[in-house]
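Chemist: Sequential numbering from 463 applies to the sequence shown in my numbering.
Positions of the beta carbon are idealized from the N, C-alpha and C atoms, including for glycine.
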Amino acid sequence: MSLRIFVLLLLFFIPGRLVPEAHGLELITTRYTTIIYEGKRQLQEYNEKVVFNKPSAFPGKPGMVTAADEAGDMTDAVLEQVEMILDMFPTRIKITIMLLPSRADVQKMYQTLYQKQVDFIAFYAPKEKTMFLSVPDTTIRVLAHEMAHAIIDHYFKVSPPEKIHEVLSQYAESHITD
Ligand SMILES: [Zn+2]
463 MSLRIFVLLL
473 LFFIPGRLVP
483 EAHGLELITT
493 RYTTIIYEGK
503 RQLQEYNEKV
513 VFNKPSAFPG
523 KPGMVTAADE
533 AGDMTDAVLE
543 QVEMILDMFP
553 TRIKITIMLL
563 PSRADVQKMY
573 QTLYQKQVDF
583 IAFYAPKEKT
593 MFLSVPDTTI
603 RVLAHEMAHA
613 IIDHYFKVSP
623 PEKIHEVLSQ
633 YAESHITD
């Protein structure tokens, strides 16, 4: 893991101190999310990996859509679609999505947060309301799965058992491309 990502992770635990720009990271604020990423190339890779065939929110302006517009628009559209699949519409949902360069980084994040070794390519941390994604491994199904965890987490006052969380997330994952 690069040092700046590690520093960023530590800053995560100090409310109000998260200033990604100070660490060479960039961010996009969308309706439902804040996406933290390392640069334009990583964002373009994210856009290429997550193919979601919904009509663009920018009709008639294809030439003016930036990678940030595309990523933000697509991410919010996936979230709304997963809400429809689950029939769960939390009143207030705001999550952070951290794009990471590899699954090793995702796994290091998990280990730092939970002191446990896993082979995940992505996960959602409910306490931090943050999704961690290995961009090279991300697909529309991966994003939908983690979105489902985030939506379920926001929808219920008391979070359901882990198994229910997982079954519902798998359901969302398998229906996102319907
Ligand atoms: Zn899961």
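Using only alpha-carbon positions, find the residue among L505, A529, F594 and E624 that is nearest to P559.
Modeler: The question names Pro, but residue 559 in the sequence shown is Ile. Closest option to I559, Cα to Cα, is F594.
Chemist: Taking a contact to mean a Cβ-Cβ separation below 9 Å, would you say V544 touches A610 in this structure?
Modeler: The answer is yes: Cβ separation under 9 Å.
Chemist: I need the straight-line Cα distance from I547 to V629, nearest angstrom please.
Modeler: One C-alpha to the other measures close to 13 Å.
Chemist: Tell me whether E608, by its Cβ, gets closer than 8 Å to a heavy atom of ligand 1.
Modeler: Yes.
Chemist: Hey, which unbroken runs of the beta strand (DSSP E) at 3 residues or more fall wholly within the region 507-583?
Modeler: If we require 3 residues or more, the beta strand (DSSP E) runs fully inside the region 507-583 come out as 557-562.
Chemist: For a quick check, are the C-beta atoms of P552 and I613 less than 9 Å apart?
Modeler: Taking 9 Å as the Cβ cut-off, P552 and I613 qualify as a contacting pair.
Chemist: With distances taken Cα to Cα, identify the nearest neighbour of T592 among L561, V604, K619 and Y508.
Modeler: Checked all of L561, V604, K619 and Y508; the closest Cα to T592 is L561.
Chemist: Go through its chain and collect everything with a Cβ distance to T492's Cβ below 7 Å, but skip five positions before and after it.
Modeler: So the list reads G534, T537 and D538, once near-sequence residues are dropped.
Chemist: Using C-beta distances below 6 Å, list every residue in its chain close to I498, excluding the 5 sequence neighbours before and after it, in chain order.
Modeler: Same-chain partners within the cutoff: P482, L487, L489 and M560.
Chemist: Just to confirm, does Q569 get its C-beta within under 8 Å of one of the non-hydrogen atoms of ligand 1?
Modeler: No, Cβ of Q569 sits at least 8 Å from all heavy atoms of ligand 1.
Chemist: Under the three-state reduction of DSSP, which class applies to P477: helix, strand or coil?
Modeler: Its pLDDT being 49, under 50, P477 is placed unreliably by the model, and the measurement read from it follows with that caveat. DSSP places P477 in coil when its eight states are reduced to three.
Chemist: Whole angstroms are fine: how far does the CA of S636 sit from the CA of T600?
Modeler: Those two C-alpha atoms are separated by around 15 Å.
Chemist: Would you decide whether A584 is buried or exposed? Buried here means 16 or more other CB atoms lie within 10 Å of its CB.
Modeler: Burial call: buried.
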